[in-house]
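Participant:
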Amino acid sequence: MLARDPAVIAAAHAATNRLGRPPAMVVTSGREALAQIAAPGLAPRHLVCEPQAAGSDWPDLLDLLRDPSASTGLLVVSSAPQQDGLPGDVVALPADPLRLAAALLAPPASSGALPDAAASLLEAALARGEIAVRFQPVVSLLDRRPVLVEALARWHMPHAKVGPDAFIALAERAGLARKLSIAVASRAGAELAGLGPGFPSLGLALNLPLALLLQPDLAAWLGRALAGTGIGPGRLFLELTETTEVRDERLLRRALRRLNAAGYRVLLDDLALGDGRDRLLALPFAGFKLDRSLVERLPCEAAARHAVRRLVGLARQRGQLVIAEGLADLGQWSQLRGLGLDCAQGFGIGRPLPASALGTWLAGWRGYRRG
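Under my numbering, the letters of the sequence shown match residues 585 to 955, in that order.
#1: Determine, using beta carbons only, whether Leu824 and Val850 come nearer to each other than 9 Å.
#2: Residues in its own chain within less than 7 Å of His597 by CB, not counting five upstream and five downstream?
#3: Between which two residues does the alpha helix (DSSP H) holding Ala701 run?
#4: Using DSSP with H/G/I as helix, E/B as strand and the rest coil, what is Phe751?
#5: Determine the direct distance from the alpha carbon of Leu822 to that of Gly955, and round the result to whole angstroms.
#6: Ala908 lies in the beta strand (DSSP E); which residues open and close that run?
#7: Closer than 8 Å by C-beta to Ala795: which residues in its own chain qualify, once you throw out the five before and the five after it? Chain order, please.
#8: Using 10 angstroms around the beta-carbon of Glu885, count the other beta-carbons present and answer buried if the total reaches 16, otherwise exposed.
#9: Where do the ends of the alpha helix (DSSP H) carrying Ile1015 lie?
#10: Can the beta-carbon of Leu786 be found closer than 9 Å to that of Leu732?
#11: Quick one: which unbroken alpha helix (DSSP H) runs of 4-plus residues sit fully inside the segment 795 to 880? Chain order, please.
#12: So, with DSSP's three-state summary, where would you put Glu756?
#13: Can you tell me whether DSSP reads Glu634 as helix, strand or coil?
#14: Within the continuous beta strand (DSSP E) that includes Ala789, where are the two ends?
#15: Could you check the C-alpha separation between Gly713 and Ala767 for me, to the nearest Å?
#16: Can you list, in chain order, the stretches of the alpha helix (DSSP H) that have 4 or more residues and sit fully within the segment 886 to 938?
#17: With Pro1011 and Leu736 assumed to form a contact (beta carbons below 8 Å), what rounded beta-carbon distance in angstroms separates them?
#18: Using the Cβ count rule (16 or more neighbours within 10 Å means buried), how would you classify His630?
#19: Which residue from Ser613, Ala686, Gln929 and Leu802 puts its Cα closest to that of Asp641?
#20: Please go through the same chain and pick out, in chain order, the residues whose beta-carbon is closer than 8 Å to the beta-carbon of Val674, but skip the five residues on each side of it.
#21: Provide the residue span of the alpha helix (DSSP H) that contains Leu736, from first to last.
#22: Look at the alpha carbon of Ala685 and the alpha carbon of Pro936, and state the distance between them as a whole number of angstroms.
#23: How far does the beta strand (DSSP E) with Val661 in it extend, from its first residue to its last?
#24: I'd like the span of the beta strand (DSSP E) that includes Pro721, first residue to last.
#25: Please report the Cβ distance between Leu586 and Ala638, rounded to the nearest whole angstrom; I am assuming they are in contact, meaning their Cβ atoms lie under 8 Å.
#26: Please state whether the Cβ-Cβ distance between Ala772 and His740 is less than 9 Å.
#27: Between Ile752, Arg881, Gly924 and Cys927, which lies nearest to Leu792 when the distance is taken from Cα to Cα?
#28: Let me check understanding here. Comparing Cα to Cα, which of Leu706, Ala711, Ala701 and Glu775 lies closest to Arg718?
#29: Tell me whether Leu946 sits in a helix, a strand or coil according to DSSP, three-state version.
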């Protein structure tokens, strides 16, 4: 709970008491609330918030909680009958314990469906620069040091959360994948550059479908998108998504060699057991990511662990990097390290965050590492 008004605090405590739950944790600044929500591990189920208490951090909190990956619901509470200055999709509740208790029991809002004529809406959003970027940290399993962030595209339509899978697939079908990738790369580069010299110089991972990876001028337009950001090929990881089946391995091999020669490193994204994509690891990829579905099976399935050991063994022979996706429980850390993996990402480490919250996450992660 982020509040200063005694009536709001009393109403929140009364609501949790009615539900038979422990009293809410009270924080008094937007920065504290950001730190709690961005921290590794399970996020708070709800943030009961009095916007005035958030101060200048209110926009950052909204950005964080509106993300499709966010698992924290936002309940805006005010002792005043009308709360001015709220975005149109945020509703303020009165400081009434009964209303607040009912809202705490309500399921979180789901991602909105794409409307008709969505391709035209997406193209207009790209033209207006409305595509946002979130950054998910990737850390070393050896020493827990942050090594890179994955840039994830977000489209915040009015009054709706649109899942990235929906509009990214739409972009590919509508011939907008290149425009979307340019928008993500340029926004991500500019926002990372804006963090200042005190923030670590991390790598940046960009997701690209097969059709874009094969384009002969990929390095040229990526360079233009990132010009002036200080992020060159040496800091970039290009992730080949699984959205399109690779039918011509020779064509892909030539593209990978071309990108490697230009200094880019390419990862094979979302490698899962039985998907047939492990054959691609013989191509000159810099490494691969294990899909979350495989990582989740490791604690309880010997066959999954055996398969990962085999993949890691092949990676070592080829000098490839291996990253685990979807790490939700840091109790799995030792197992992943014991299997020979290099890095990991997931909600147990950090959620997709706006650039403005990366510094808060980093401070919390460093404290978490010491603990």
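Ideal Cβ positions, reconstructed from N, Cα and C, are used throughout, including at glycine.
For clarity, every value in this text was computed on a predicted model and none was experimentally measured.
Facilitator: Inspection of the coordinates gives the following:
#1: Yes; because the gap between Cβ atoms is below 9 Å, this pair is in contact.
#2: Here the set comprises Pro607 and Ala608.
#3: According to the DSSP assignment, Ala701 belongs to no alpha helix (DSSP H), since it is labelled neither H nor E.
#4: DSSP places Phe751 in helix when its eight states are reduced to three.
#5: Residue confidence is low: Gly955 scores 48 on pLDDT, short of 50, so the model does not pin down where it sits. No coordinate-derived value is stated.
#6: Unbroken beta strand (DSSP E) run through Ala908: Leu905 to Ala908.
#7: Same-chain partners within the cutoff: Glu756, Ala761 and Thr828.
#8: Result: exposed.
#9: No information on residue 1015 is available, as it lies outside the stretch 585 to 955 that the chain covers here.
#10: A contact, by the Cβ cut-off of 9 Å.
#11: Along the segment 795 to 880, the alpha helix (DSSP H) occurs as fully enclosed runs of 4 or more residues at 802 to 809 and 833 to 845, listed in sequence order.
#12: Helix at Glu756.
#13: Note: Glu634 maps to coil in three-state DSSP.
#14: In the DSSP assignment, Ala789 falls within the beta strand (DSSP E) that extends over Gly787 to Leu792.
#15: Each residue's Cα considered, the two are about 7 Å apart.
#16: List check, alpha helix (DSSP H) in window: 886 to 902 and 917 to 922.
#17: Any question about residue 1011 goes unanswered here, given that the chain covers just 585 to 955.
#18: Buried, because 16 or more other Cβ atoms sit within 10 Å of the Cβ of His630.
#19: Of the listed residues, the one whose Cα sits closest to Asp641 is Ser613.
#20: Here the set comprises Leu646, Leu658 and Val660.
#21: Element bounds for Leu736: not the alpha helix (DSSP H) but the beta strand (DSSP E), Pro730 to Trp739.
#22: Distance between the alpha carbons of Ala685 and Pro936 is about 29 Å.
#23: Here the beta strand (DSSP E) through Val661 covers Gly657 to Ser662.
#24: Ile715 to Ser724 is the extent of the beta strand (DSSP E) around Pro721.
#25: Right, their Cβ atoms sit about 6 Å apart.
#26: Going by beta carbons, Ala772 and His740 fall outside the 9 Å limit.
#27: With distances taken between Cα atoms, Leu792 lies closest to Ile752.
#28: The candidate whose alpha carbon is nearest that of Arg718 is Glu775.
#29: In the three-state DSSP reduction, Leu946 falls in the helix class (H, G or I).
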